[in-house]
Amino acid sequence: MSRAWLWLGVAVSLLLPMTASSQSMTLCRAKPELLELGNPLLAARKSIAERRKLRIIALGSSSTSGYGVSNPVFAYPAQLKMGLDKALPGIDVDVINRGIGGQDVEEMSARLRGELQENPASLVVWQTGTNAAIRQMPLDKFTRWLRDGLALGKSLGADFVLMNLQYVPAVVAAPDKEAYEKIMAAAAKEYDAGLFRRFDIMHGWYQDGMPYAQFVQLDGLHLNDFGQKCIGKLLTKSILNSLNGP
Amino acid sequence: MTVQPVIASGRDVRLDLFRGLALWFIFVDHVPTNIVSWLTVRNYGFSDATEIFVFISGYTAVIAYARMMERDGWLRAAARIYRRVWQLYVAHILLFVAFSAQVVWVSIARDMPSLIEEMELMGLGQNPYQAILEAALLKFRPVNLDVLPLYIVLLAAFPFVLPAVIRWPFGVIAVSLLLYAATCRYDWNLPAYPENKVWYFNPLAWQVVFYGGAACASLGPQLAWLDRFRRPLAALAVLYLIFAAFIALSWHYNPLEQLVPAWVGRLIYPIDKTNIDILRVLHFLALAWLVRLLVPADSPFLRWHLFAPLRRCGEQSLLIFCIGTFLALSAQVIVSHFEESVLSQIVVSVAGVVVMCAAAYVATWFKGGGSAGQGTGRTPSVEAVP
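Residue numbers (my numbering), protein chains in the order written: chain A, 1 to 246; chain B, 1 to 386.
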């Protein structure tokens, strides 16, 4: 009998901290230094000043396309558009979602020229690296495709912000994740692109005690509603920091 | 001939009961912030209510149409299956309209700017006319409207597999597994809207659950052959469920998560839902095996009055699914209106389930010509089954 009570106690104590994941954005935080892109986004500034217009292409894979979110509006590109609309009244802001699930640098570099010709943009947010890390794309190939893409994009006159890997179980389990991150940081520096450090930001959430279920879908890979909204919000803040900075 | 056991098996109460349960789970899990979803399978392992629903759908499809084919011939059975596909399609389109109307109503009538911002688009925004066309083609399916299109595609292909699954269930399982493997390997999927999107529930992969159910129904009592391994299989199933529960709970407790070795993470993630990861299939099979052992079809408790509402919901699965999906959106709006208070989550969950049950009873009453009694021994029309 006492044993039954013991088990009941264990079960209840396991169940006690159970809460439903909140959608409240009060949990959405990042250290201020993680919201510095390290780039003044001159082409974007110029477009805003001269044409009262800011067109952004969100180039990426499933996180960009908004896989599995309960409403396409929660995907970070839509959140970015809503955030910038609010912060830049009178400016015609357009965010074009060009996320295609399953792709990584190779396919994205290949379609970059077409995307920019179809929608001439002054800023490209390039979300990449996650699928490469999970599938163990050889590092030299990753480097080459990424640099080719950045070189091409820069030559077409757009600013770039690289968004690196997401901190989720599938990526954390990948052995070389830091290597991909380093390659992205180095390429950003060399090609004068901004870097949105999604990995470090999300790692911060985890270290603050936020469980994966709060920001990751149950597949262990994709951002859920909260994760997407929060990344959209923080990306908006970072881009505004850059536009308003020195 | 293996047709005999299928025909003889009659109506298995477990099918309605567990399908009803799956429908309740789907409703509860579709409310994004809902503490009640801790009562569903989702948080304790890899698979969720979708697997239960699809498996039972495959199982009941054989039960319902094998006998019809035997009696009236293939053509007649195929025609009846397509009549059912048409019903599903009509239900889906109606649900799409009702669902969109609810979104619009919430945005306009309640005048909640935050809601308008979050809910107005749903993908309809940029090009509503094309979105309507794509919805009619099942290529555009807003939030949570993914399950019925999957079911429609699976059932539309079913007449062509039905003769085979009755004669050679093992052959069908083999072909189904091959298609599943090829789909995962070569990344096949059906096209969706907007461009470059794919089906959230990939029918080419999820057919493996449907035909798993169909083959089990076709095998019927022959499944007892597996009973010689009942103990080792049960032990394996229990071990696997414990492992899955540990991993699933680790998503909620970081200290547990840190106990998961890196190599395990490397092995299991990502646990894909679109192409139903093999871990999900195995998790469902383990669950199903244990349920088969623990809940024999003739268990008296299955017929307890306490479970009657579940059985009713399972019998009226199409209607209840549609109502559940519709109500999940209402529940989401209400919960966010009350700032996600736990009380509001519990109240809307209970209220939703009550509405679903009431609808199931009304529908049963209609079907019975307005005189549905207790009806435990009643045999509903076979068509209504899948």
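For each residue, glycine too, the CB sits at the ideal point set by N, CA and C.
Legend entry - Backbone CA spacing between L316 of chain B and N127 of chain B [nearest angstrom]: The question names Leu, but residue 316 of chain B in the sequence shown is Gln. Roughly 35 Å between the two C-alpha positions.
Inset, instruction - Output the boundary residues of the beta strand (DSSP E) element that contains Q214 of chain A. - result: No beta strand (DSSP E) holds Q214 of chain A; the alpha helix (DSSP H) holding it covers Y212 to F215.
Legend entry - Interface positions of the stretch 260-272 of chain B facing chain A (Cβ-Cβ less than 9 Å), listed along the chain: Flagged, chain order: V260, A262, W263, V264, G265, R266, L267, I268, Y269, P270, I271 and D272.
Legend entry - Cβ contact (3+ pairs, closer than 8 Å) linking the stretch 226-240 of chain B and the stretch 138-149 of chain B: no
Legend entry - Extent of the continuous beta strand (DSSP E) run through M98 of chain A: Going by the sequence as given, residue 98 of chain A is Arg instead of Met. Its beta strand (DSSP E) spans residues D92 to G99.
Inset, instruction - Could I get the ranges of all uninterrupted beta strand (DSSP E) runs contained in the stretch 161-200 of chain A, with 3 residues as the minimum, in chain order? - result: Fully enclosed beta strand (DSSP E) runs of no fewer than 3 residues occupy 194-196 of the stretch 161-200 of chain A, in order along the chain.
Inset, instruction - Determine the closest residue to A329 of chain B out of B:C184, B:R312, B:V348 and B:L155, with distance taken between C-alpha atoms. - result: Here the sequence assigns Leu to residue 329 of chain B, which means Ala is not the residue at that position. It is B:V348 whose Cα lies nearest to the Cα of L329 of chain B.
Inset, instruction - Report buried or exposed for E181 of chain A, applying the criterion of at least 16 other Cβ atoms within 10 angstroms of its Cβ. - result: buried
Inset, instruction - Check whether the Cβ of W24 of chain B lies closer than 8 Å to any Cβ atom in chain A. - result: no
Inset, instruction - Run through the stretch 277-301 of chain B for me and flag every whole alpha helix (DSSP H) of 4 or more residues, listed as ranges in chain order. - result: 278-294
Inset, instruction - Anything in the stretch 134-164 of chain B with a Cβ closer than 9 Å to a Cβ of chain A? List those residues in chain order, please. - result: P142, V143 and N144
Legend entry - Within chain B, the residues that G232 of chain A reaches when beta carbons sit closer than 9 Å: Result: empty, since nearest Cβ-Cβ is about 12 Å, beyond 9 Å.
Inset, instruction - Please classify N244 of chain A: is it buried, with 16 or more other beta-carbons within 10 angstroms of its beta-carbon, or exposed? - result: Exposed is the call here.
Inset, instruction - Would you check if there are 3 or more beta carbon pairs closer than 8 Å linking the stretch 36-48 of chain A to the stretch 156-164 of chain A? - result: With the cut-off at 8 Å, the stretch 36-48 of chain A and the stretch 156-164 of chain A touch.
Legend entry - Min CB distance L172 of chain A to chain B below 8 Å: Looking at the sequence itself, residue 172 of chain A is Val, so the reference to Leu does not match. It does; some Cβ of chain B falls within 8 Å.
Inset, instruction - Check the Cβ of Y212 of chain A against every Cβ in chain B and list those closer than 9 Å, keeping chain order. - result: Within 9 Å Cβ-Cβ: S250, W251, H252, N254 and E257.
Legend entry - Given Y129 of chain B as reference, the closest of B:A308, B:L226, B:P255 and B:P194 once Cα atoms are compared: B:P194
Inset, instruction - Under 6 Å Cβ to Cβ from E106 of chain A, same chain only, skipping five residues before and after it: list those, please. - result: Contacts found: W145.
Legend entry - Euclidean distance between Cα positions of E33 of chain A and M202 of chain A: 14 Å
Legend entry - Min CB distance G102 of chain A to chain B below 8 Å: yes
Legend entry - Per-residue contacts from Q127 of chain A into chain B (C-beta, under 9 Å): Against chain B, the beta carbon of Q127 of chain A has no neighbour under 9 Å; the closest one sits roughly 15 Å away.
Inset, instruction - Excluding the 5 residues preceding and the 5 following V355 of chain B in the sequence, name in chain order all residues of the same chain whose CB lies nearer than 8 Å to its CB. - result: I323 and L327
Inset, instruction - Tell me where the beta strand (DSSP E) around W126 of chain A begins and ends. - result: Looking at the DSSP string, the run of the beta strand (DSSP E) that includes W126 of chain A is L123 to Q127.
Inset, instruction - Note down, one range per segment and in chain order, each alpha helix (DSSP H) of at least 4 residues found wholly within the stretch 143-199 of chain B. - result: With a minimum length of 4 residues, the continuous alpha helix (DSSP H) runs that stay inside the stretch 143-199 of chain B are 147-167 and 169-186.
Inset, instruction - Sort out for me which residues DSSP pairs A58 of chain A with in a bridge. - result: Bridge partners of A58 of chain A according to DSSP: A:N97 and A:V125.
Inset, instruction - Compute the Euclidean distance between the alpha carbons of Y67 of chain A and M68 of chain B, then round it to the nearest angstrom. - result: For Y67 of chain A and M68 of chain B, the distance between alpha carbons rounds to 41 Å.
Legend entry - Residue closest to V260 of chain B, alpha-carbon to alpha-carbon, out of A:D94, A:A173 and A:M108: A:A173
Inset, instruction - Let me know if W304 of chain B comes out buried or exposed under the rule of 16 or more other beta-carbons within 10 Å of its beta-carbon. - result: exposed
Legend entry - With 16 other Cβ atoms within 10 Å as the buried cut-off, status of T26 of chain A: exposed
Inset, instruction - Answer with buried or exposed for V95 of chain A, where buried requires no fewer than 16 other C-beta atoms within 10 angstroms of its C-beta. - result: buried
Legend entry - Neighbour list for R42 of chain B in chain A, Cβ cutoff strictly below 9 Å: Correct list: L218.
Legend entry - Closest by C-alpha distance to I320 of chain B, when choosing among B:L343, B:A331, B:V335 and B:G352: B:G352
Inset, instruction - Give the residues from the stretch 158-188 of chain A that approach chain B closer than 9 Å (Cβ to any Cβ), ordered along the chain. - result: V168, P169, A170, V171, V172, A173, A174 and P175
Inset, instruction - Take G212 of chain B as the anchor and find which of B:G369, B:W38, B:G20 and B:V62 has the nearest alpha-carbon. - result: B:V62
Inset, instruction - Name the one or two DSSP bridge partners that L95 of chain B has. - result: None, per the DSSP bridge assignment.
Legend entry - Backbone secondary structure at S223 of chain A - three-state DSSP: According to the sequence provided, residue 223 of chain A is Leu. The question's Ser does not apply to it. Residue state, collapsed to three classes: strand.
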